[in-house]
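Residue numbers (the working numbering): 114 to 345.
Notes follow the structure.
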């Protein structure tokens, strides 16, 4: 899997599911560690700094969504939510707190591995040429190096996933960025026409950005084509 072993932390309170998941991942050469409680997971992730965190939603101590919210203050790796809950509210909450992918259990082993590989692919791609200084877009200042957003004099806190979307759109301000391009560049996946994760990230980001000086949305959806960050 590259020059070093990929580190994965599996946070799952069902010991049998955890055991089988670790066996699968270790058979593929991943360096894995199991955690069974949400409150324990935060410190393990801080200590290990894994490439990927596989995180169940229903956990003792802290829920998976709560864990995701806490670790996004210091963890920049990939978070894959693996859960038995198939509802839009939980899925949206996961993405709002910084999850990169959301998978419903049970999942076939080869599909889980494919999801992990897609997340890793996103982190392996050649870095985009760094920008010199922040991008000034009307009253917004987007600093890719510091991964920070200011609107006027206020700092707007964003999750890692939200900032990734904003940076991509900001680099193409005034142009339409297709869902296919978003999926490929942000998730390392081809768009299948059904994936809603990008839509959810854009929706969450749009709410945080608020309206522009003209009272319109800063990010618009162009039906059938994609998204555009509006020039001001």
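For each residue, glycine too, the CB sits at the ideal point set by N, CA and C.
Everything numeric in this text was worked out from a predicted model, so none of it was measured.
Whole angstroms are fine: how far does the CA of residue 212 sit from the CA of residue 250? The alpha-carbon of residue 250 is positioned some 27 Å away from that of residue 212.
Rounded straight-line distance, which links the Cα of residue 290 to that of residue 215: Distance between the alpha carbons of residue 215 and residue 290: 23 Å.
Any 3 or more C-beta pairs closer than 8 Å across the segment 223-234 and the segment 182-189: Contact fails: fewer than three Cβ-Cβ distances are below 8 Å.
What's the gap between the Cα of residue 217 and the Cα of residue 148? Straight-line Cα distance between these residues: approximately 19 Å.
At 4 residues or longer, and completely inside the segment 179-257: list those alpha helix (DSSP H) runs for me, N to C. Listed in chain order, the complete alpha helix (DSSP H) runs (minimum 4 residues) inside the segment 179-257 are 201-209, 222-237.
Would you please state the rounded distance, in angstroms, between the beta carbons of residue 275 and residue 314? I believe it to be under 8 Å. Contact flag correct, Cβ pair sits at about 6 Å.
For residue 121, which residues of its own chain have a beta-carbon under 8 Å away from its beta-carbon, when the five flanking residues on both sides are left out? Cβ within range, chain order: 138, 143, 144, 145, 146, 163, 164, 165, 166, 167, 229.
Name the residue from 299, 253, 258, 169 whose alpha carbon lies nearest to the alpha carbon of residue 344. If we check each option's Cα against that of residue 344, 253 comes out closest.
Could you name the residues of the same chain whose beta carbon sits closer than 6 Å to that of residue 295, not counting the 5 residues immediately before and after it, in chain order? For residue 295, where only same-chain residues beyond five positions count, the Cβ hits under 6 Å are 311.
Length of the line joining the Cα atoms of residue 177 and residue 259: Our two residues, residue 177 and residue 259, have alpha carbons roughly 27 Å apart in a direct line.
What residue range does the beta strand (DSSP E) around residue 334 cover? Run containing residue 334: 332-335, per the beta strand (DSSP E) assignment.
Check whether the Cβ atoms of residue 269 and residue 193 lie closer than 9 Å to each other. In this structure, residue 193 does not lie closer than 9 Å to residue 269 by Cβ.
Taking the CB atoms as reference points, tell me whether residue 342 and residue 283 lie closer together than 9 Å. Contact: yes.
With 16 as the cutoff for other CB atoms within 10 Å, does residue 240 come out buried or exposed? For residue 240, the predicted structure reports a pLDDT of 48, less than 50, and the residue's modelled location is therefore unreliable. The matter cannot be settled from this model.
Look at the alpha carbon of residue 174 and the alpha carbon of residue 184, and state the distance between them as a whole number of angstroms. Each residue's Cα considered, the two are about 15 Å apart.
Got a sec? Which residues, its chain only, sit under 8 Å from residue 332 by beta carbon, not counting five neighbours each side? Cβ within range, chain order: 282, 315, 318, 319, 322, 340, 341, 342, 343.
Can you tell me which of the three DSSP states residue 259 falls into? Residue 259 falls in the coil class under three-state DSSP.
For residue 145: DSSP bridge partner residues: Residue 145 pairs with 121.
Please go through the segment 271-303 and give each complete alpha helix (DSSP H) segment of 4 or more residues, from N-terminal end onward. The qualifying runs are 273-284, 292-300.
Paired residues, beta bridge with residue 267 - DSSP: Note: residue 267 sits in a beta bridge opposite 264.
Tell me, please, which residues DSSP counts as bridged to residue 166. Looking at the DSSP assignment, residue 166 forms a beta bridge with 122, 192.
Where does residue 342 fall in DSSP's three states? DSSP, read as helix, strand or coil, puts residue 342 in strand.
Exposure label - residue 169; buried when at least 16 CB within 10 Å: Result: buried.
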